[in-house]
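Undergrad: Quick one: structure below, then a few questions.
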Amino acid sequence: MKLDVLKPLLDHDGPLTTVCLDVTRADEAGDREVRSRWGGLRRALEQQGTPAATLDLIADVVLKPTHVPGPHGRFVVASAEGVLFDRVLADAPSREEAFHDGAPSLMPAAQAADEAVRYLLVEVDRSGADLSWSGIEMDDGGGQVEGTHVEGGHDVLHKSRAGGWSARRLQTRAEDSWDRNAEVVATELTRAVALHKPELVMITGDVRAVALIREALSRPVAELLVDVPGGARAEGVKESVFAANVHAVLEAHRATRRQLVVDRLSEGLGRGDGAVTELGDVVDVLRRGQVAELVIVEDAAGAPAVLADRTLWVGAGPLDLAVRRSELATLGVADADAHQQRADIALLRAAVAQDAGVTFAPESAVELVDGVGAVLRWSDPATPHETA
């Protein structure tokens, strides 16, 4: 997934403090639990030299209730001048983060972005539709935001059960109203797709209305549609059942999206061109700006632990990175700027700087040396060529 929203953080001078924690408040004890978790992270940051004023700024943010239901997290990056980045994450983080350095720790945000799906939910009946969006920004917490209500304006909606000419005329008028209302919804849906560019459109509600709207849409928009059973525009929906159906559709979409990247990676590794694996080779192609998609293997707990336990040598710029300090010298990096940094932080910093996407793959999906690989934009004779 793309991480463009994080790119401005790379241009900030001076130490940055990154915090990612579980801010779930499931019951009355939730507030105390969040304060306790923050207290532990604050102590860790104090030991790393984070100024008290910066910690106070972060505390004001992370201790403020989000009013988001269900498990979720918060990702904050701050400097001495103020909070630079603040997002609510749709899921509780697999591991909490407290980091103070010249660069932010982007792994929690990258994992949240990989889970995020920009989708449009359309709840329909024969008179119109309600449109709501989710995943347009990273901070929506995974729920729907205020959307658009569409009314077709044609109100002969019910067929007559009686016979005769007048009944047939009323039935024809009702069907004509359904068609016209569907066309109005389709027009608004097309406009919304062009504006927000969702990855998929979930549609639910009256079966006849769904079919009419699908027929009225252009092919590119219709191809985004996924029918989700159990929903309706009116009251009386079994929310838990419908939510489970939505979750299943989103999980299937995430799995398909990841598999497409893994397939490209495996294909490139198989033919020895267009993809690399092994930490040193990934560093090489990142440094040269060749990466289209960085692929990181997650362990069973959802944490990229292998990379967090490794270090790289980095300089002032995000593409100044190397496995050994001597390599930085050949790049012209001044000794004063050379220092070691956690591998996950250095790799993500370089990926974001070159507008690369980041995909997290389960261990069972692909075998990568050092738990990392890259799909390349381009290759040349100097590009590492090896197979997993």
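Taking the numbering used here, I'd label the letters of the sequence shown as residues 1 to 388. Yeah, the Cβ is synthetic: ideal placement off N, Cα and C, and Gly gets one too.
Quick check for students: name the residue ranges of the beta strand (DSSP E) that lie wholly in the segment 345-388, counting only runs of 3 or more.
TA: Counting only runs of 3 or more, we get 357-362 and 372-376.
Undergrad: For the pair the segment 120-133 and the segment 90-110, tell me if three or more CB-CB distances fall below 8 angstroms.
TA: Output reads no: the segment 90-110 does not touch the segment 120-133.
Undergrad: With DSSP as the reference, label residue 286 as helix, strand or coil.
TA: Reduced to three states, the DSSP call for residue 286 is helix.
Undergrad: Name the residue from 239, 321 and 71 whose alpha carbon lies nearest to the alpha carbon of residue 332.
TA: Cα-wise, what sits closest to residue 332 is 321.
Undergrad: From which residue to which residue does the beta strand (DSSP E) around residue 82 run?
TA: Residue 82 -> beta strand (DSSP E) spans 82-89.
Undergrad: Drop a sphere of 10 angstroms on the beta-carbon of residue 127, count the other beta-carbons inside from all chains shown, and report buried for 16 or more, exposed for fewer.
TA: Buried, since its Cβ has 16 or more Cβ neighbours within 10 Å.
Undergrad: Leaving out the 5 sequence neighbours to the left and right, which residues in its chain are closer than 6 angstroms to residue 377 when beta-carbon positions are compared?
TA: These residues qualify, in order along the chain: 290 and 292.
Undergrad: Just to confirm the assignment, what range does the alpha helix (DSSP H) spanning residue 253 have?
TA: Run containing residue 253: 239-271, per the alpha helix (DSSP H) assignment.
Undergrad: Taking the straight line between their C-alpha atoms, what separation do you get for residue 243 and residue 326?
TA: Their backbone Cα atoms lie some 54 angstroms apart in a straight line.
Undergrad: With a threshold of 16 other CB atoms inside 10 Å of the CB of residue 70, please say whether the residue is buried or exposed.
TA: So residue 70 ends up on the exposed side.
Undergrad: Between which two residues does the alpha helix (DSSP H) carrying residue 111 extend?
TA: Looking at the DSSP string, the run of the alpha helix (DSSP H) that includes residue 111 is 107-115.
Undergrad: If we ignore side chains and look at the alpha-carbon of each, how far apart do residue 181 and residue 245 end up?
TA: Approximately 26 angstroms, taken between the alpha carbons.
Undergrad: Under a three-way DSSP split, which group does residue 6 fall into?
TA: Here residue 6 sits in helix by DSSP.
Undergrad: Compute the distance between the beta-carbons of residue 85 and residue 20, then report whether it is under 7 angstroms.
TA: Not a contact, by the Cβ cut-off of 7 angstroms.
Undergrad: Going by DSSP, name the residue or residues bridged to residue 123.
TA: Answer is 130 and 204, bridged to residue 123.
Undergrad: Helix, strand or coil: how does DSSP classify residue 340 here?
TA: Looking at residue 340 - three-state DSSP - the assignment turns out to be strand.
Undergrad: What separation, rounded to the nearest whole angstrom, lies between the Cα atoms of residue 385 and residue 314?
TA: Going by the C-alpha atoms only, they are around 24 angstroms apart.
Undergrad: For residue 389, which of helix, strand or coil comes out of DSSP?
TA: In the structure displayed, the chain extends from 1 to 388; residue 389 sits before or after that span and is not available.
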